[in-house]
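Visitor: Residue numbers (our numbering): 597 to 966. My structure is below; once you've seen it, I'll send some questions.
Following this line, the structure appears as structure tokens:
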């Protein structure tokens with residue numbers, strides 16, 4: 597897959613429309629809510645999307661400024677044309693399932709993503725509840741994950757997550773669409789995956805071997821030297837470079853989650869990028885391998901159970917949505933007038949209205965197979 601070079605910071609992605617809070621700093625709590633839009637639920641979804649910023653402000657006002665509540669709303673490929681007329685983001689498409697010789701990255705249903713972040717879990721919970729109160733009966737919840745900060749930004753495998761996240765101008769250049777798609781400047785593509793960890797197998801490994809799987813020192817978080825770092829380590833396979841050696845970057849906001857009673861331990865991967873190509877290339881290298889590695893060794897301990905791709909438009913887009921598509925049959929032909937003889941009792945006119953409504957492995961087993 598070809599990965600286009602990153603353009604320099606300072607493009608119209610910064611000066612143009614206002615992005616959603618995709619560049620917000622990591623927080624202590626998060627809720628990831630993925631839903632599909634039920635047939636006939638499009639109007640309720642549009643109403644919610646146009647008000648999600650106001651709803652977030654209302655809930656977050658109770659704990660400002662320390663609450664740091666934010667919500668990024670993103671739309672999937674299948675839902676886009678059901679909700680909006682006009683152009684669509686150039687890189688928006690359904691998540692591409694990856695099937696390697698050993699491991700699989702499934703594609704699972706998802707029309708909308710709500711990425712809710714705050715310094716406190718109660719704020720995330722309250723906003724998620726308000727969103728679902730507005731959408732109840734119009735959407736089906738496909739996945740809901742409550743994430744938390746684990747010690748010093750570590751995942752449940754014990755390693756620091758998100759070490760290589762870009763910051764400042766580099767983050768804006770990596771994450772926000774620019775002049776390559778003028779209709780969607782300052783938007784961002786987001787890919788999410790839910791991973792479940794086999795902690796028994798992982799903890800059976802000596803620390804030195806865990807470090808070889810990840811490609812970093814566990815305590816210090818220092819990357820292993822190139823002559824020590826295995827080709828199938830996670831760091832090696834998720835490092836994507838251009839032909840000139842420039843490293844391509846994404847912004848990860850991963851969070852640990854779990855339920856000790858069910859022995860469920862996981863990482864919710866969420867990566868924002870200016871183009872989905874970068875993240876997709878990372879996943880292809882992980883699951884399908886490279887010339888020097890069959891696949892990412894971390895997949896022996898972490899199983900992907902969901903996979904979705906969305907586009908997060910700007911706040912301007914959400915506050916002034918494009919027109920909704922016309923419903924099929926909305927312009928039904930008007931019946932012609934019929935002359936009824938005075939001696940006859942007119943029959944009741946026919947009803948011309950149209951009824952338009954339209955993982956262990958996973959707790960998502962009810963979903964259709966990708």
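We put the CB at the ideal spot given by N, CA and C, even for glycine.
On a CA-only basis, which of 907, 820, 624 is nearest residue 777? Give me that one, please.
Guide: 907
Visitor: In this structure, how does DSSP classify residue 705 when only helix, strand and coil are distinguished?
Guide: coil
Visitor: Could you name each continuous beta strand (DSSP E) segment of 3 residues or more that falls completely within the stretch 749 to 819, going from the start of the chain to the end?
Guide: 784 to 793
Visitor: What would DSSP say about residue 1023, mapped onto helix, strand or coil?
Guide: Because the chain here runs from 597 to 966, residue 1023 falls outside it and cannot be looked at.
Visitor: Taking one C-beta from the stretch 657 to 667 and one from the stretch 714 to 731 each time, how about it: are there three or more such pairs within less than 8 Å?
Guide: yes
Visitor: Please report the Cβ distance between residue 738 and residue 705, rounded to the nearest whole angstrom; I am assuming they are in contact, meaning their Cβ atoms lie under 8 Å.
Guide: 5 Å
Visitor: Which runs of the beta strand (DSSP E), 3 residues or longer, sit entirely within the stretch 886 to 912?
Guide: 898 to 900, 904 to 908
Visitor: Does the beta-carbon distance from residue 692 to residue 876 come in below 8 Å?
Guide: yes
Visitor: Counting only the same chain and skipping the five closest in sequence on each side, list residues whose C-beta sits under 8 Å from that of residue 681.
Guide: 918, 919, 920, 921
Visitor: Can you have a look at residue 781 and say buried or exposed, based on whether 16 or more other CB atoms are within 10 angstroms of its CB?
Guide: Buried, since its Cβ has 16 or more Cβ neighbours within 10 Å.
Visitor: Would you decide whether residue 818 is buried or exposed? Buried here means 16 or more other CB atoms lie within 10 Å of its CB.
Guide: exposed
Visitor: Taking 8 Å as the cut-off, does the stretch 716 to 723 touch the stretch 785 to 793 (at least 3 CB pairs, one atom from each stretch)?
Guide: no
Visitor: Considering only the alpha carbon of each residue, which of 810, 746, 734 lies closest to residue 835?
Guide: Sorting 810, 746, 734 by C-alpha distance to the C-alpha of residue 835 places 810 at the top.
Visitor: Thinking just about the alpha-carbon of each residue, which of 862, 828, 633, 847 is nearest to the one in residue 882?
Guide: Looking at the Cα atoms, 828 is the closest of the given residues.
Visitor: Decide if the stretch 761 to 777 is in contact with the stretch 673 to 680; the criterion is three or more beta carbon pairs, one per stretch, under 8 Å apart.
Guide: Touching, no.
Visitor: With distances taken from CA atoms, which of 731, 849, 807, 689 is nearest residue 638?
Guide: 731
Visitor: Just to confirm my understanding: we take residue 884, look at its own chain, exclude 5 residues before and 5 after, and list those with CB closer than 8 Å. What are they?
Guide: 694, 696, 891
Visitor: If distances are taken between C-alpha atoms only, which option among 645, 802, 698 comes closest to residue 895?
Guide: Taking only the C-alpha atoms, the option nearest residue 895 is 698.
Visitor: Could you pull the DSSP bridge partners for residue 852 from this structure?
Guide: 863
Visitor: I want to check one thing, is the minimum distance from the CB of residue 836 to the heavy atoms of the ligand PLP below 7 Å?
Guide: With respect to the ligand PLP, the structure offers nothing, as it holds no ligand at all.
Visitor: Just the Cα atoms here: how many angstroms apart are residue 837 and residue 736?
Guide: 39 Å
Visitor: Could you work out which residue in 703, 662, 623, 640 is closest to residue 879 when comparing CA atoms only?
Guide: 703
Visitor: Whole-angstrom Cβ separation of residue 839 and residue 746, contact assumed at under 8 Å?
Guide: That pair is no contact at about 37 Å.
Visitor: Go to residue 740, then tell me how far its beta strand (DSSP E) extends in each direction, as first and last residue.
Guide: Membership of residue 740 in the beta strand (DSSP E) is indicated by the continuous run 735 to 744.
Visitor: Between residue 733 and the rest of its own chain, which residues show a CB-CB distance below 7 Å, the 5 nearest in sequence each way excluded?
Guide: Here the set comprises nothing.
Visitor: For residue 867 and residue 893, which I take to be in contact (beta-carbon distance under 8 Å), what is that distance rounded to the nearest angstrom?
Guide: Residue 867 to residue 893, Cβ: 20 Å. No contact.
Visitor: The beta strand (DSSP E) spanning residue 670 covers which residue range?
Guide: 666 to 672
Visitor: Please state if the CB of residue 712 and the CB of residue 648 are separated by a distance shorter than 8 Å.
Guide: No. Outside cutoff.
Visitor: Run the CB neighbour count on residue 815, radius 10 Å, all protein chains shown included, and call it buried at 16 or more, exposed below.
Guide: Label assigned to residue 815: exposed.
Visitor: Using only CA atoms, which one of 754, 688, 792, 744 lies nearest to residue 858?
Guide: Per the Cα distances, 792.
Visitor: Quick one: residues in its chain with C-beta nearer than 6 Å to the C-beta of residue 756, no 5 flanking neighbours on either side, listed in chain order?
Guide: 749, 750, 817
Visitor: Apart from the five residues on each side of it in sequence, which residues of its chain come closer than 8 Å, Cβ to Cβ, to residue 911?
Guide: 613, 614, 615, 616, 649
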